[in-house]
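A short write-up of the structure that comes next.
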Amino acid sequence: MAPYASDDSTTGGEVDEQHSRRRKAARYVVPVTVVGVAAATIGLVPALADSGDPDLPKITAQQLIQKIAESDVEQLSGTVKVSTDLGLPNLGGLESGLMSGAAGGGESGSSADPTAKLTELATGTHTLRVAADGPDRQKLSLLENAAEYSLIHNGKDVWAYDSKSNEVYHGTASDSPERGKDRQPPATPKDFAEEALKAVDDTTSVTVDGTAQVAGRDAYKLLVEPRQSGSTVGAITVAVDAETGTPLKFTLTPASGGAAVVDVGFTQVSFARPAASTFDFTPPKGAKVTEEKDAGKDFGKDFGKDFDKAGKGEARRHAPEAGKDLGEGPDGMKTIGEGWNAIATFDTGGEGVPSGEAAGQFGGFLDSLGDKVTGKFGSGTVFSTRLINALVTDDGKVYVGAVTKDALVKAADAGK
Amino acid sequence: MSRAEAAPTVRPVSPWWTLGLLRNELTTTFRRWRTLALLAVLAGVPILVGIAVRIETGDGSPPGGGGGEGPAFIAQITNNGLFLVFTALAATLPFFLPMAVGVVAGDAIAGEAGAGTLRYLLVAPAGRTRLLLTKYATVVLFCLAATLVVAVSALAVGALLFPLGDLTTISGTRIGFAEGLGRALLIALAVAASLTGVAALGLFVSTLTNSGIAAMATTVGLLITVQILDQIPQLHALQPYLFSHYWLSFADLMREPVYWDELRKNLGLQALYAAVFGTAAWARFTTKDITA
Chain L
7 MAPYASDDST
17 TGGEVDEQHS
27 RRRKAARYVV
37 PVTVVGVAAA
47 TIGLVPALAD
57 SGDPDLPKIT
67 AQQLIQKIAE
77 SDVEQLSGTV
87 KVSTDLGLPN
97 LGGLESGLMS
107 GAAGGGESGS
117 SADPTAKLTE
127 LATGTHTLRV
137 AADGPDRQKL
147 SLLENAAEYS
157 LIHNGKDVWA
167 YDSKSNEVYH
177 GTASDSPERG
187 KDRQPPATPK
197 DFAEEALKAV
207 DDTTSVTVDG
217 TAQVAGRDAY
227 KLLVEPRQSG
237 STVGAITVAV
247 DAETGTPLKF
257 TLTPASGGAA
267 VVDVGFTQVS
277 FARPAASTFD
287 FTPPKGAKVT
297 EEKDAGKDFG
307 KDFGKDFDKA
317 GKGEARRHAP
327 EAGKDLGEGP
337 DGMKTIGEGW
347 NAIATFDTGG
357 EGVPSGEAAG
367 QFGGFLDSLG
377 DKVTGKFGSG
387 TVFSTRLINA
397 LVTDDGKVYV
407 GAVTKDALVK
417 AADAGK
Chain E
206 MSRAEAAPTV
216 RPVSPWWTLG
226 LLRNELTTTF
236 RRWRTLALLA
246 VLAGVPILVG
256 IAVRIETGDG
266 SPPGGGGGEG
276 PAFIAQITNN
286 GLFLVFTALA
296 ATLPFFLPMA
306 VGVVAGDAIA
316 GEAGAGTLRY
326 LLVAPAGRTR
336 LLLTKYATVV
346 LFCLAATLVV
356 AVSALAVGAL
366 LFPLGDLTTI
376 SGTRIGFAEG
386 LGRALLIALA
396 VAASLTGVAA
406 LGLFVSTLTN
416 SGIAAMATTV
426 GLLITVQILD
436 QIPQLHALQP
446 YLFSHYWLSF
456 ADLMREPVYW
466 DELRKNLGLQ
476 ALYAAVFGTA
486 AWARFTTKDI
496 TA
């Protein structure tokens, strides 16, 4: 008992009461402080870690591109974070249902089929692990919740293992070493950077935009921007490792602003030789193994087609040269324009997008995804994402490109 | 009575005395029928899962219909019984394990208050802070015991019903059985650590009320609420701060090489919850009027 509490005057009692209440409240300061310190740490640590761009010798854009080209890194392992925000309509389960139906070819359905799996990369944020040891041994793993999807290339064999369903897909890479490569949609910053640099010509400005720290390494930032207007591509930034010339981070921002459409970067990287056991794969006992032949199709070829059919060619064409890269697409493809404003066009021979009445509910659903436009060419529907826009005219012509809606309409007018 | 903690402790308390207090708490907790029943239920889950998988795959068909549904790792159980440990932990972690912890933690203070025994505990020269720490240590040890019960039961059932041997990690590489066992132990520890956040939360709730049932119900209710919030995509900005968000990260220990990012985040988050609700429980318990 506090000494003055024996005083029976009312004021003394009140003081005591207040005092004890204050003392009680004071203890709650501790948890509140803990919360505050935690919040401050969460807020400040990334900011502090980011500070201080490394001091590196000056270099010209030309030298930097040279450096990327000459880079001969054969051994590498690391973790890559891929975020894509194409602004595709969010169809949730429906979308993945359609995708797996289209991409897996329906009945062949092994969930370990790379075609079905890697299309997932087209949306959202994913964590990948890559490991490479020379041209013959590579591994790419897609980290999922309590599961992993691995694509392992070791000499002649290409294995795909889906730990969630315990299914294995086996193919061979013997006939042409390049084919194995073609199968994979771009996943590492290097793949993206190569695609982007293919597009470098007189329609492009390339500059070195300072330095940065990526995955704990010093890197130069290469800034690639389209010179023409009308492209939906705002800028591409490639962070290039100063020592090895390996692209470490690739960011594509749209002209419309906002978050990056594609952001691929190492969060951790090592240039040491990965352990040999990384590339060893024996199908686990009891796993369902699908041989490439069993699947009854040359999937390398079908890959591109299915992809386009599913209406998600974007995944394959994140890179700015959307129009140029469509060589293998549907027949009768033509390219209008050049550089960043290239527009691919083809005639479906059909009647455009089935409209509301003609196609019942499905038509209404399609209409809700696109915008009606009219021009000298007649009328049509524009389907837009944050990067790729497509115009389907009512007489069945399709115009696709990484350009604005107006540019598509202009192209369609000119084509008339 | 309200100032019991303010009375000066004349005699310094030896650390052995604290250990004795902890031992008393542990025997009281683990001798309770309620605790034993909870542990029995937890031991039963792997048995059920094991038998179900065994029956389903008796004719050679892959489990889960090959579609990859069901708890994590369920597809691998038939090739290696050790995977039953991981499946059982993945199956119990979202609900059974934290519920058991919530019951024990919620009962810790409020149960004593409800039974009228709390004041007798405080008559002993333990001090409230020490008593609270002992209670929390008991709950944390219960987390570990509950997790180990699930793991050991799953290992026994797995060894009985399925073959053991080298196993394939989810990254596709192979590791020996001994290393597999080592990883199973690490996973059990990671799961037990995942529960320390709920334990602290439950203890805090337990200091708020004098009714053991109310504290348990509130803790379990909060657990369910948080699990639901973690499923709502619109709340993704909030989700990394929910204590259950990184629970399944224990599966990252089965990758090769181990992916530490989320495991580290999980441990940090649990430590944060333990610190926040632990100190909140301390603030409440040391200033509260003990009337029962």
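As they're listed, the protein sequences go chains L and E. Residues are numbered in this note's numbering as their position in the first sequence, beginning at 1, plus a constant of 6. Residues are numbered in this note's numbering as their position in the second sequence, beginning at 1, plus a constant of 205. Glycine is no exception: its CB is placed at the ideal position from the N, C-alpha and C atoms.
Spatially closest choice to residue i from the options, by CA coordinates
i: T262 of chain E; options: E:F482, E:R489, E:T283; result: E:T283
i: N172 of chain L; options: L:P289, L:G384, L:A67, L:S390; result: L:P289
i: A248 of chain L; options: L:F383, L:P260, L:T296, L:Y226; result: L:Y226
i: T343 of chain E; options: E:I495, E:D494, E:V254, E:L226; result: E:L226
i: A261 of chain L; options: L:V230, L:H176, L:T284, L:Y405; result: L:V230
i: L474 of chain E; options: E:R259, E:S454, E:N229, E:W487; result: E:S454
i: R335 of chain E; options: E:T492, E:W487, E:I495; result: E:W487
i: V43 of chain L; options: E:D494, E:T496, E:L477, E:L287; result: E:L477
i: T66 of chain L; options: L:Y175, L:K145, L:D215; result: L:D215
i: F490 of chain E; options: E:L323, E:N285, E:L443; result: E:L323
Straight-line gap, residue i to residue j (C-alpha atoms, nearest Å)
i: A500 of chain E; j: S376 of chain E; result: With chain E covering only 206 through 497, there is no way to say anything about residue 500 of chain E.
i: R237 of chain E; j: L337 of chain E; result: 19 Å
i: I48 of chain L; j: R469 of chain E; result: 14 Å
i: K340 of chain E; j: D312 of chain E; result: 10 Å
i: T484 of chain E; j: Y34 of chain L; result: 8 Å
i: S89 of chain L; j: T423 of chain E; result: 38 Å
i: T194 of chain L; j: L149 of chain L; result: 14 Å
i: L346 of chain E; j: T234 of chain E; result: 10 Å
i: L244 of chain E; j: A405 of chain E; result: 20 Å
i: D163 of chain L; j: M421 of chain E; result: 56 Å
i: K416 of chain L; j: R379 of chain E; result: 58 Å
i: D419 of chain L; j: V268 of chain L; result: 31 Å
i: A356 of chain E; j: Q432 of chain E; result: 23 Å
i: T296 of chain L; j: G263 of chain L; result: 44 Å
i: L224 of chain E; j: T39 of chain L; result: 30 Å
i: A128 of chain L; j: L393 of chain L; result: 12 Å
i: L279 of chain L; j: H159 of chain L; result: Here residue 279 of chain L is Arg; the residue named in the question, Leu, does not match the sequence. Taking the straight line joining both Cα atoms gives about 16 Å.
i: W452 of chain E; j: P299 of chain E; result: 8 Å
i: V308 of chain E; j: K411 of chain L; result: 60 Å
i: D168 of chain L; j: V51 of chain L; result: 36 Å
i: T184 of chain E; j: A310 of chain E; result: Residue 184 of chain E cannot be examined here, being either before or after the span of chain E that is shown, 206 to 497.
i: E384 of chain E; j: G332 of chain E; result: 45 Å
i: Q281 of chain E; j: R259 of chain E; result: 12 Å
i: S283 of chain L; j: T373 of chain E; result: 12 Å
Residue j beta carbon less than 7 Å from that of residue i
i: I252 of chain E; j: V362 of chain E; result: yes
i: A296 of chain E; j: P276 of chain E; result: yes
i: A248 of chain E; j: V396 of chain E; result: no
i: T250 of chain L; j: V136 of chain L; result: no
i: D435 of chain E; j: L447 of chain E; result: yes
i: V398 of chain L; j: V404 of chain L; result: yes
i: D400 of chain L; j: S385 of chain L; result: yes
i: A393 of chain E; j: T352 of chain E; result: yes
i: S237 of chain L; j: W346 of chain L; result: yes
i: E354 of chain L; j: G421 of chain L; result: Residue identity check: residue 354 of chain L is Thr in the sequence provided, not Glu. Against a cut-off of 7 Å, the Cβ pair of G421 of chain L and T354 of chain L comes out as no contact.
i: G130 of chain L; j: E298 of chain L; result: no
i: G426 of chain E; j: A315 of chain E; result: no
i: V275 of chain L; j: G84 of chain L; result: yes
i: G255 of chain E; j: L366 of chain E; result: yes
i: A145 of chain L; j: F352 of chain L; result: According to the sequence shown, residue 145 of chain L is Lys rather than Ala. Cβ distance not < 7 Å, so K145 of chain L and F352 of chain L don't count as in contact.
Beta-carbon proximity list for residue i, same chain, < 6 Å, skipping 5 on both sides
i: R29 of chain L; result: none
i: A359 of chain E; result: P251, L289, V290, A293
i: L82 of chain L; result: A138, F277
i: G161 of chain L; result: D142
i: L349 of chain E; result: A397
i: K294 of chain L; result: E173
i: G343 of chain L; result: I349
i: T252 of chain L; result: S77, V79
Beta-carbon proximity list for residue i, same chain, < 7 Å, skipping 5 on both sides
i: R233 of chain L; result: T209, T210, S211
i: A479 of chain E; result: T401, G402, A405
i: G381 of chain E; result: D371
i: D224 of chain L; result: P60, L62, T217, A248
Contact set between residue i and chain B, taken where Cβ atoms lie within less than 7 Å
i: F287 of chain L; result: Annotation note: the requested chain B is absent from the structure, which comprises protein chains L and E.
Residues near residue i by beta carbon distance below 8 Å, same chain, minus five either side
i: G271 of chain L; result: V86, K87, P195, V220, A221, A245, L254, K255, F256, T257
For a minimum of 4 consecutive residues, which ranges assigned as the alpha helix (DSSP H) are wholly contained in the region 287-366 of chain E? Secondary structure in the region 287-366 of chain E: the alpha helix (DSSP H) runs of 4 residues or longer, each lying completely within the stretch, are 288-297, 301-320, 323-328, 333-366 in chain order.
Quick one: which unbroken beta strand (DSSP E) runs of 3-plus residues sit fully inside the region 379-427 of chain E? Chain order, please. Counting only runs of 3 or more, we get nothing.
Minimum length 3: unbroken beta strand (DSSP E) runs contained in the region 232-265 of chain L: Taken in chain order, the complete beta strand (DSSP E) segments of 3 residues or longer contained in the region 232-265 of chain L are 239-247, 253-260.
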